[in-house]
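Take a look at the structure below.
Chains as they are written, first to last, in the working numbering: chain A, 1 to 301; chain B, 1 to 422.
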């Protein structure tokens, strides 16, 4: 009797694989967004599992802000070379050059919001009708109400008050021409699940996630790593700290935290005892209480 | 390190909570999350600050669950919100659904995947219409386990008689329903009695705490491991140098146990074959059971595509075009009599026509109204439909995965109804 029980990680894996296969069946031209962060690395791993021994039946797309940690790009390129899967890169810089996106001004310009422009342009250009992302419901409270299959109108906008009900394993990906879907296969995973799964599956990650020495500046309680895109304000200074990234985004807005966690086991211990949410270090979420909801409505992931 | 190891063999329990803010639902969820360390300091800081700004006393835990701006503004929960926490024994997914009457559709949504439902009853008010509504939906959706939490026991001086009365009232009502496994727990979410720790104020209660129940209730039998059902989801044909002739049928086992070498029958063609292998990325496996996602290859070359189903010859689902369904209507556009809809069932898509409404259910009285047959938003009723092609189904009671359907409005593409096959 009890031998027919799955562990929670296996059940989450099975659920995600089911969603990925559903996407491949229900949409004509899906694409999987890939940022080089741990969640998208897991998604990539799950997609390989879902269609094994075949290849992944859709391409991956990276929206490159140009403000990435160099380690992320190196890792991304090596992963694609090793697995032979197909990655498309779209550059925020191209949108800026075209004039469809305008660089923020000020001391701390972020390209985080501009990603949405490039993403929507990329989806339109490739005529993609579904974009899969690695967002999780435990990350942020607006995301807690997101569906697995999330409908977007022809402007790529999300209408949180008018979401389609989602029951059992029955997913409705029907849409009008010009509309598309965002699909989130790992919606039900928590940060802890992700780390446990990485350990269990022996998935390789960019070195940024593990403890290393880095020059950082303390800005409003968030440590930002030294890079060309950050200008120091009066009274700020670079100092060397032993840190690691809990999430990976742009260097301009991804806070690194002080940590001595060198292995996956160390990280899991750290996550288990930590008292600050994962996105607590994300300056982009701190802009207002509903920052994520507002960006999501516009088409952000 | 023990924590790391323990986490790898945990089970997953999905539960739903029904009850209004007044029942102390948010306080209860807040307490479960807080006591299991799932609320973080920065979230707590934001809560404290927002509560203060609004001039509220103490910390309003409802602000934690109300994620959307309009919900916070109106102080109500609009949509199903999913919450996560874990203890060393289990990982939990809470589908937190609002309790107002107009949100039946959200409750149904949250209940559709739940192993367990927590029904909150205010000890001062006892079993009220809302309690009955929630119990009915839990029974309709066949949630395997129900925990009736009689809350605010502190406000009735932890009095045993109040608890006993509510318990027997509930039992009298629920005897008319199909509820299999009910547990009653007297609690005070505010003070923590019998939530995580045993209450010192209720010596007379000998049952388990809510957390103990959540951690230990047997969920291994919640899946059907008897009737073999494998709806084909996606055909894998690599056509690569390594796998030139590979043809695998991927999908999720929705019932029973499939083993390598098993004789199977393919629906609708009726062809039979043997399972050659059950493949996964991590290598072939000997057997697969619900809810595993796998890829099955067969000994014989048969034409099989999405929507087909692999079953055992001597245990087949019903294959019919005329189907009786209990539906919950989820859209503002009312159901159109004789209307045509798209129907989704397992991996199958067809069209259907609504032939007849047998009755509409008054979910407060359980009265079957055969006069008023207009089905609109949040209405529950029994209908009969005819599909354009046979569906392969079991009754919802026997298997939630092969007994559930949704209807899609072809004009708006919206999911307008959830249905349970009778």
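Backbone N, C-alpha and C define an ideal beta-carbon position, used for all residues, glycine too.
inquiry  = To the nearest angstrom, how far is the alpha carbon of residue 2(A) from that of residue 210(B)?
reply    = Position 2 of the first chain, counted from the start, is the residue given in the question as residue 2(A). Position 210 of the second chain, counted from the start, is the residue given in the question as residue 210(B). For residue 2(A), the predicted model reports a pLDDT of 47, less than 50, meaning its position is unreliable; a value from the coordinates is still stated below. The C-alpha of residue 2(A) lies about 23 Å from the C-alpha of residue 210(B).
ask   = Can you find a C-beta in chain B that's less than 7 Å from the C-beta of residue 209(A)?
value = Your numbering for residue 209(A) matches position 209 in the first chain. Not closer than 7 Å to any Cβ of chain B, the Cβ of residue 209(A) fails to qualify, so no.
Within chain B, partners of residue 51(A) - CB distance below 7 Å = The residue given as residue 51(A) occupies position 51 in the first chain. Under the 7 Å cutoff, chain B gives 236.
request  = Check the Cβ-Cβ distances between residue 218(A) and every residue of chain B, and say whether any is below 7 Å.
outcome  = Along the first chain, one-based indexing puts residue 218(A) at 218. Under the Cβ criterion of 7 Å, residue 218(A) is not counted among the residues facing chain B.
query = Any Cβ of chain A within less than 7 Å of the Cβ of residue 115(B)?
reply = As a first step, residue 115(B) must be located in the second chain, where it is residue number 115. For residue 115(B), the answer is no, since every Cβ of chain A falls outside 7 Å of its Cβ.
ask   = At least one CB of chain B closer than 7 Å to the CB of residue 168(A): is that the case?
value = The residue labelled residue 168(A) in the question sits at position 168 within the first chain. Taking 7 Å as the CB threshold, residue 168(A) lines the interface with chain B.
task = Leaving out five residues on either side along the sequence, give the residues of the same chain with a beta carbon under 8 Å from the beta carbon of residue 3(B).
result = Taking the first residue of the second chain as 1, we reach residue 3(B) at position 3. The predicted position of residue 3(B) is uncertain, since its pLDDT is 46 and thus under 50; a value taken from the coordinates is nonetheless stated next. Same-chain partners within the cutoff: 88.
ask   = By DSSP, does residue 246(B) sit in helix, in strand, or in coil?
value = As a first step, residue 246(B) is located in the second chain; it is residue number 246 there, counting from the start. Three-state DSSP puts residue 246(B) in coil, outside helix and strand.
Whole alpha helix (DSSP H) elements within the stretch 70-104 of chain A, 4-residue minimum = Those alpha helix (DSSP H) runs which fall completely within the stretch 70-104 of chain A and span 4+ residues are 70-83, 92-98.
query = Going by the beta-carbon positions, is the gap between residue 168(A) and residue 293(B) smaller than 7 Å?
reply = Within the first chain, numbered from 1, the residue matching residue 168(A) stands at position 168. Within the second chain, numbered from 1, the residue matching residue 293(B) stands at position 293. No. Outside cutoff.
request  = Taking only beta-carbon positions, decide if residue 183(B) is within less than 7 Å of chain A.
outcome  = The residue given as residue 183(B) occupies position 183 in the second chain. No, because no Cβ of chain A sits closer than 7 Å to the Cβ of residue 183(B).
ask   = List, in order along the chain, the chain A residues whose C-beta lies closer than 8 Å to that of residue 134(B)?
value = Locating residue 134(B) in the second chain gives position 134, counting from the first residue. Within 8 Å Cβ-Cβ: nothing; residue 134(B) doesn't reach chain A, min ~17 Å.
ask   = Where does residue 252(B) land, buried or exposed, given buried means 16+ other C-beta within 10 angstroms?
value = Working through the second chain from its first residue, we reach residue 252(B) at position 252. Buried: at least 16 other Cβ atoms inside 10 Å.
message = Does residue 273(A) come out as helix, strand or coil in the three-state DSSP assignment?
response = Within the first chain, the letter at position 273 stands for residue 273(A). When secondary structure is reduced to three states using DSSP, residue 273(A) falls in the helix class.
ask   = Closest by CA to residue 69(A), which one among 36(A), 126(A), 184(A)?
value = The residue you call residue 69(A) lines up with position 69 of the first chain. Residue 36(A) is the option with its Cα nearest to residue 69(A).
ask   = What are the residues that DSSP puts in a beta bridge with residue 205(B)?
value = By 1-based counting over the second chain, the position of residue 205(B) is 205. Paired residues: none, contrary to the question.
request  = Quick one: list the residues of chain A neighbouring residue 400(B), beta-carbon separation under 7 Å, in chain order.
outcome  = Mapped onto the second chain, residue 400(B) falls at position 400. Residues of chain A passing the Cβ test: 168.
Whether residue 288(B) touches residue 304(B) by CB criterion (7 Å) = Your numbering for residue 288(B) matches position 288 in the second chain. Your numbering for residue 304(B) matches position 304 in the second chain. In terms of Cβ geometry, residue 288(B) and residue 304(B) do not form a close pair [threshold 7 Å].
query = Beta-carbon of residue 220(B) versus every beta-carbon of chain A: anything under 7 Å?
reply = To locate residue 220(B), count along the second chain from 1; it is residue 220. Interface annotation, residue 220(B): in contact with chain A, CB-CB separation under 7 Å.
ask   = residue 8(A) versus chain B: which residues are under 8 Å apart at the beta carbon?
value = If you number the first chain from 1, residue 8(A) lands on position 8. Chain B residues near residue 8(A): 10, 11, 12, 90, 91.
key: Cross-chain neighbours of residue 309(B) in chain A, by beta carbon under 8 Å   = As a working note, residue 309(B) is residue 309 in the second chain. Going along chain A, no residue has its Cβ under 8 Å from residue 309(B), so there is no contact; the nearest lies around 14 Å.
query = If we ignore side chains and look at the alpha-carbon of each, how far apart do residue 1(B) and residue 269(A) end up?
reply = What you label residue 1(B) is simply residue 1 of the second chain in a count that begins at 1. What you label residue 269(A) is simply residue 269 of the first chain in a count that begins at 1. Only weak support is given to the placement of residue 1(B): the predicted model assigns it a pLDDT of 37, under 50, and the value that follows is read from those uncertain coordinates. Note on geometry: alpha-carbon atoms of residue 1(B) and residue 269(A) lie some 8 Å from one another.
Terminal residues of the beta strand (DSSP E) in which residue 150(A) lies = Residue numbering aside, residue 150(A) sits at position 150 when the first chain is read from its first letter. Its beta strand (DSSP E) spans residues 149-152.
message = 7 Å is my cut-off, CB to CB: does residue 150(A) come that close to chain B?
response = Stepping through the first chain from its first residue, residue 150(A) is reached at position 150. Under the Cβ criterion of 7 Å, residue 150(A) is not counted among the residues facing chain B.
Beta-carbon neighbours of residue 257(B), restricted to chain A and to distances below 8 Å = Here residue 257(B) corresponds to residue number 257 of the second chain, with the count starting at 1. Per Cβ cutoff of 8 Å: 4.
message = Can you check whether the C-beta of residue 190(A) is within less than 7 Å of a C-beta belonging to chain B?
response = Reading the first chain from its first residue, position 190 is the one you call residue 190(A). Look at residue 190(A): its C-beta is under 7 Å from a C-beta on chain B.
8 Å contact criterion, which residue 18(B) and residue 97(B) should meet: CB distance rounded = Along the second chain, one-based indexing puts residue 18(B) at 18. Along the second chain, one-based indexing puts residue 97(B) at 97. For a cut-off of 8 Å, the C-beta gap from residue 18(B) to residue 97(B) is around 6 Å, short enough to register as a contact.
message = With H, G and I counted as helix, E and B as strand and the rest as coil, what does DSSP make of residue 348(B)?
response = As a position in the second chain, residue 348(B) is number 348, starting the count at 1. DSSP places residue 348(B) in strand when its eight states are reduced to three.
query = So which residues of chain B does residue 164(A) contact, with C-beta pairs closer than 8 Å?
reply = Against the first chain, residue 164(A) aligns to sequence position 164. The contacting residues are 414, 415.
key: Sequence-distant residues of the same chain with beta carbon closer than 7 Å to residue 205(A), five excluded per side   = Residue numbering aside, residue 205(A) sits at position 205 when the first chain is read from its first letter. Leaving aside the five residues that flank residue 205(A) on each side, the residues in its chain whose CB is nearer than 7 Å to its CB run, in chain order, 38, 41, 198.
ask   = Measuring CA to CA, which of 159(A), 74(A), 186(A) is closest to residue 179(A)?
value = Here residue 179(A) is taken as the residue at index 179 of the first chain, counted from 1. Relative to the Cα of residue 179(A), the nearest Cα in the group 159(A), 74(A), 186(A) belongs to 159(A).
ask   = Nearest chain B C-beta to residue 38(A) closer than 7 Å, yes or no?
value = The residue labelled residue 38(A) in the question sits at position 38 within the first chain. Output row for residue 38(A): interface = no.
task = Determine which residues share a DSSP beta bridge with residue 30(A) and list them.
result = Along the first chain, one-based indexing puts residue 30(A) at 30. In DSSP, residue 30(A) forms a bridge with 130(A).
message = Residues of chain A with CB closer than 7 Å to the CB of residue 173(B), please, in chain order.
response = By 1-based counting over the second chain, the position of residue 173(B) is 173. Per Cβ cutoff of 7 Å: no residues; residue 173(B) is ~26 Å from chain A at best.
query = The alpha helix (DSSP H) with residue 200(A) in it runs from where to where?
reply = Numbered from 1 along the first chain, position 200 holds the residue referred to as residue 200(A). Here the alpha helix (DSSP H) through residue 200(A) covers 191-201.
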